[in-house]
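Colleague:
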Amino acid sequence: MNLQTFRAPTMAECLADVKRVMGPEAVILHTRTLTLKRFLGLRRREIVEITAGRGLNGGPRGPRRIGAQQRGEGAAGGRVDTAPPRGGNVATLPAPRDPMMPAQQLPGEGGFPPDNAALRDILQRMEGMAKNITDLHTIVRSKDAPEVPEELFDDYMQLVDSHVEKQVAEEIVKTLHRTLRPDHLQQRQFVREKIAEALERLLPVSGPITRTKTSGPHVVALIGPTGVGKTTTIAKLAAKLKLDENRRIGLVTIDTYRIAAVDQLKKYADIIGSPLRVVHTPEELREAVLGMRDCDFVLIDTAGRSPKDTLKLNELRTFLEAASPEEVHLVLSATADRDCVNLAIERFGNVRVDKLIFTKLDEARHVGAVLGIVRSVRKPLSYVTTGQGVPADIEVARGKRIAQLILGSDL
Ligand SMILES: Nc1nc2c(ncn2[C@@H]2O[C@H](COP(=O)(O)OP(=O)(O)O)[C@@H](O)[C@H]2O)c(=O)[nH]1
Ligand SMILES: [Mg+2]
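Going by my numbering, the sequence shown opens with residue 56, and the numbers climb by one from there.
1. Straight-line CA distance for Ser197 to Leu58?
2. Measure the beta-carbon distance from Asp101 to Arg87 and round it to whole angstroms, keeping in mind my assumption that it falls under 8 Å.
3. Taking only the alpha-carbon atoms, compute the straight-line gap between Glu480 and Gly463 and give it to the nearest angstrom.
4. Ser388 to Gly346, Cα distance in whole Å?
5. With respect to the beta strand (DSSP E) encompassing Gln59, which residues constitute its N-terminal and C-terminal limits?
6. Beta carbon of Asp417: closer than 6 Å to some heavy atom of ligand 1?
7. Comparing C-alpha positions only, which one of Cys395, Pro201, Met77 sits nearest to Pro280?
8. Less than 8 Å between the CB atoms is what I'm expecting for Ala377 and Pro330, so what's the real figure, rounded?
9. Within this structure, are the beta carbons of Val353 and Val383 separated by less than 7 Å?
10. Can you tell me whether Val334 is helix, strand or coil according to DSSP?
11. Taking contact to mean at least 3 C-beta pairs separated by less than 8 Å, is the segment 436-454 in contact with the segment 405-420?
12. Considering only residues of the segment 365-442, which uninterrupted beta strand (DSSP E) runs meet the minimum length of 3 residues and lie entirely inside it, listed in chain order?
13. Give the DSSP-derived three-state secondary structure of Asp199 in the structure shown.
14. Would you call Ala131 buried or exposed, if buried means 16 or more other Cβ atoms sit within 10 Å of its Cβ?
15. Tell me whether Ser217 is buried or exposed, calling it buried when 16 or more other Cβ atoms sit within 10 Å of its Cβ.
16. At a Cβ threshold of 7 Å, is Ala391 touching chain B?
17. Going by C-alpha to C-alpha distance, which of Leu460, Thr287, Ser270, Ala324 sits closest to Ala447?
18. State the CB to CB distance for the pair Leu277 and Thr357, rounded to an integer number of angstroms; the pair is presumed to be in contact (CB under 8 Å).
19. Taking 6 Å as the cut-off, is the beta-carbon of Lys295 closer than that to any non-hydrogen atom of ligand 2?
20. Tell me the rounded alpha-carbon separation between Cys69 and Val76.
21. Under 7 Å, do Val203 and Glu225 count as touching if we go by C-beta distance?
22. Output the distance between the C-alpha atoms of Arg266 and Pro237, rounded to the nearest integer angstrom.
23. Starting from Leu354 and walking both ways along the beta strand (DSSP E), at which residues does that stretch end?
24. Quick one: what does DSSP say Thr469 is sitting in, helix, strand or coil?
25. Just to confirm the assignment, what range does the beta strand (DSSP E) spanning Ala276 have?
26. Among Val333, Asp209, Val260, Leu257, whose alpha-carbon lies nearest the alpha-carbon of Val246?
27. Any idea what DSSP makes of His85, helix, strand or coil?
28. Can you tell me the Cα-Cα spacing of Ala458 and Asp299, whole angstroms?
29. Looking at the structure shown, is Leu191 part of a helix, part of a strand, or coil, going by DSSP?
30. Can you tell me which residues form a DSSP beta bridge with Ile304?
31. Would you tell me roughly how many angstroms separate the C-alpha atoms of Ile227 and Lys455, rounded to the nearest one?
32. Suppose you measure from the CA of Val334 to the CA of Lys249; what does that come to, to the nearest Å?
33. Measuring straight from C-alpha to C-alpha, what distance separates Arg303 and Gly262?
34. Residues in its own chain within less than 8 Å of His232 by CB, not counting five upstream and five downstream?
35. Assign Ala344 to one of two classes, buried (16 or more other C-beta atoms within 10 Å of its C-beta) or exposed (fewer than that).
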């Protein structure tokens, strides 16, 4: 028995080589498509490989024999003629398809009129076009990221689609490519877990609000643009601390314009049985906090007049100095566009920010943006909120959870 392996850019060319070298008696034992890297300067190129033998007995359901059909042999032993389409002695195409090899359909198989050279020519051209499209696709998608390893390109794209910064996404996949064993790189679930771990390492978290003092209230203020969910988040935190930890909670809201939605917080304060004070000046705030000395926690809500006119920053700073909170959380919406978030970071960063809360993860389309923001602010993430429900829709931020959301898991 004589076995040989042939490789060519298309199935037709490969078959032609088989036939030329091994003659019409050759029997095709195996065909496969494989990917060659850096072929002619392209990043990736598919080629066809055929293993053929001579001196084998191809049974009725056996391997394909080139030329068998030409002599009227074996009904299922398909003959594949790869002679040039305009070659005079254009032979027949295969007989009915071999049911044992349905996936390995060869050019011209399966229903074409037996000697239609024009159809075979079209098929070859289409195959060539398909290859060109694949090459073009590879070139286009790798244009922006020439350093990204091909095996991990889809993972890279998933990160970028989720708005993880390109540089960060590239670094993650390059590091994985360098450090993972090649067989591990083939295992999708394994790769995904490693990417999640890499994301997790990039996401600092603070853990929940915890009282460390032995006397006096642990004071927490939430600041941030209007509409992001500060008041709702205060209500969630208050209810959680009350219900889960049986803590005494005091609520204070700064309302410099006397039009803030105090009623919203009042409703929750009443439900959990907590005192609520509405203050208008830093001095009133100081007094309010002092008046709540019996509470374990005092949560301070801040309000503005409109999204463009948040509490004036200098004013806010003065309020916070008067309250001297243990922690100030900047609340940002995961649905906001990056420019708005950047503006908020710039403005509120000048006041005081210890931790970050991301709201509306349930509505966010690009959770990867959270990663970039946390990294640029260089403050840990404390909580994320995942809906309008009070108090259910809040979670202590965990890197693993956010990594999974970035990778497309459902909430
Ligand atoms: N989908 C969703 N909506 C939220 C979330 N948190 C708050 N909201 C909604 O966002 C809107 C503004 O919330 P609010 O607490 O008044 O924002 P504030 O102006 O920052 O105090 C309200 O309709 C809330 O129900 C959340 O996690 N997910
Ligand atoms: Mg509010």
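Using N, Cα and C, we set each Cβ at its ideal position, and we do this for glycine too.
Modeller: Reading from the atomic positions:
1. Taking the first residue of the sequence shown as 1, we reach residue 197 at position 142. Taking the first residue of the sequence shown as 1, we reach residue 58 at position 3. If you draw a straight line from the Cα of Ser197 to the Cα of Leu58, it comes to about 38 Å.
2. As a first step, residue 101 must be located in the sequence shown, where it is residue number 46. As a first step, residue 87 must be located in the sequence shown, where it is residue number 32. Per the sequence shown, the amino acid found at residue 101 is Glu instead of Asp. Between Arg87 and Glu101 the Cβ distance is about 10 Å, and since that is not below 8 Å, they are no contact.
3. The question about residue 480 has no answer here: the residues shown for the chain are numbered 56 through 466.
4. On the sequence shown, residue 388 is found 333 positions in, with the first residue counted as 1. On the sequence shown, residue 346 is found 291 positions in, with the first residue counted as 1. Answer to the nearest angstrom: the Cα atoms are 32 Å apart.
5. Here residue 59 refers to the residue found at position 4 when the sequence shown is read from its first residue. Here the beta strand (DSSP E) through Gln59 covers 57-63.
6. Residue mapping note: residue 417 aligns to position 362 of the sequence shown, counting from 1. Indeed, a heavy atom of ligand 1 lies less than 6 Å from the Cβ.
7. Working through the sequence shown from its first residue, we reach residue 280 at position 225. Nearest in C-alpha terms to Pro280, of all of Cys395, Pro201, Met77, is Cys395.
8. Counting from one through the sequence shown, the residue named residue 377 turns up at place 322. Counting from one through the sequence shown, the residue named residue 330 turns up at place 275. Rounded, the Cβ-Cβ distance is 18 Å, inconsistent with contact.
9. Taking the first residue of the sequence shown as 1, we reach residue 353 at position 298. Taking the first residue of the sequence shown as 1, we reach residue 383 at position 328. Result no, Cβ atoms of Val353 and Val383 do not sit closer than 7 Å.
10. For this step, residue 334 is matched to residue 279 along the sequence shown. In this structure, Val334 counts as strand in the three-state DSSP scheme.
11. In the pairwise beta carbon analysis, the segment 436-454 is classified as touching the segment 405-420: at least three pairs are separated by under 8 Å.
12. Correct list: 382-388, 410-414, 436-440.
13. Position 144 of the sequence shown, counted from the first residue, corresponds to residue 199. Look at Asp199 here: in three-state DSSP terms it is coil, with no helix or strand label.
14. Stepping through the sequence shown from its first residue, residue 131 is reached at position 76. In this prediction, Ala131 scores a pLDDT of 38, lower than 50, which makes its location untrustworthy; the coordinate-derived value is nonetheless stated afterwards. Its Cβ being crowded by 16 or more others within 10 Å, Ala131 is buried.
15. Translated into positions along the sequence shown, residue 217 becomes position 162. Ser217 is buried by the Cβ-count criterion.
16. Any reference to chain B falls outside this structure, which holds one protein chain only.
17. One-based indexing of the sequence shown puts residue 447 at position 392. The candidate whose alpha carbon is nearest that of Ala447 is Thr287.
18. One-based indexing of the sequence shown puts residue 277 at position 222. One-based indexing of the sequence shown puts residue 357 at position 302. In this structure Leu277 touches Thr357 by the C-beta definition: roughly 7 Å separates them, less than 8 Å.
19. Position 240 of the sequence shown, counted from the first residue, corresponds to residue 295. The answer is no for Lys295.
20. Within the sequence shown, residue 69 is the residue found at index 14, counting from 1. Within the sequence shown, residue 76 is the residue found at index 21, counting from 1. Rounded to the nearest angstrom, the two C-alpha atoms are 11 Å apart.
21. Counting from 1 along the sequence shown, the entry for residue 203 is found at position 148. Counting from 1 along the sequence shown, the entry for residue 225 is found at position 170. Glu225 is positioned such that its CB atom lies closer than 7 Å to that of Val203.
22. Working through the sequence shown from its first residue, we reach residue 266 at position 211. Working through the sequence shown from its first residue, we reach residue 237 at position 182. Spanning the two alpha carbons is a distance of roughly 48 Å.
23. The count along the sequence shown starts at 1 and reaches residue 354 at position 299. For Leu354, the uninterrupted beta strand (DSSP E) segment begins and ends at 352-357.
24. No answer is possible for residue 469: it lies beyond the span of the chain, which begins at 56 and ends at 466.
25. In the sequence shown, the residue the question calls residue 276 occupies position 221. Its beta strand (DSSP E) spans residues 273-278.
26. Walking along the sequence shown from the start, residue 246 turns up at place 191. Closest option to Val246, Cα to Cα, is Asp209.
27. Counted from its first residue, the sequence shown places residue 85 at position 30. In the three-state reduction of the DSSP assignment, His85 falls in the strand class, which pools E and B.
28. The residue you call residue 458 lines up with position 403 of the sequence shown. The residue you call residue 299 lines up with position 244 of the sequence shown. Their Cα atoms are separated by approximately 27 Å.
29. Locating residue 191 in the sequence shown gives position 136, counting from the first residue. Correct three-state label for Leu191: helix.
30. For this step, residue 304 is matched to residue 249 along the sequence shown. Looking at the DSSP output, Ile304 sits in a beta bridge with Phe352.
31. Locating residue 227 in the sequence shown gives position 172, counting from the first residue. Locating residue 455 in the sequence shown gives position 400, counting from the first residue. Spanning the two alpha carbons is a distance of roughly 15 Å.
32. By 1-based counting over the sequence shown, the position of residue 334 is 279. By 1-based counting over the sequence shown, the position of residue 249 is 194. The alpha-carbon atoms of Val334 and Lys249 are separated by roughly 49 Å.
33. One-based indexing of the sequence shown puts residue 303 at position 248. One-based indexing of the sequence shown puts residue 262 at position 207. Straight through space, the alpha carbons of Gly262 and Arg303 are spaced by roughly 20 Å.
34. One-based indexing of the sequence shown puts residue 232 at position 177. If we look at His232 and ignore the five residues flanking it on each side, its Cβ neighbours are Pro204, Glu206, Leu207, Leu240.
35. Translated into the one-based positions of the sequence shown, residue 344 becomes position 289. It should be pointed out that residue 344 corresponds to Val in this sequence rather than to Ala. It counts as buried.
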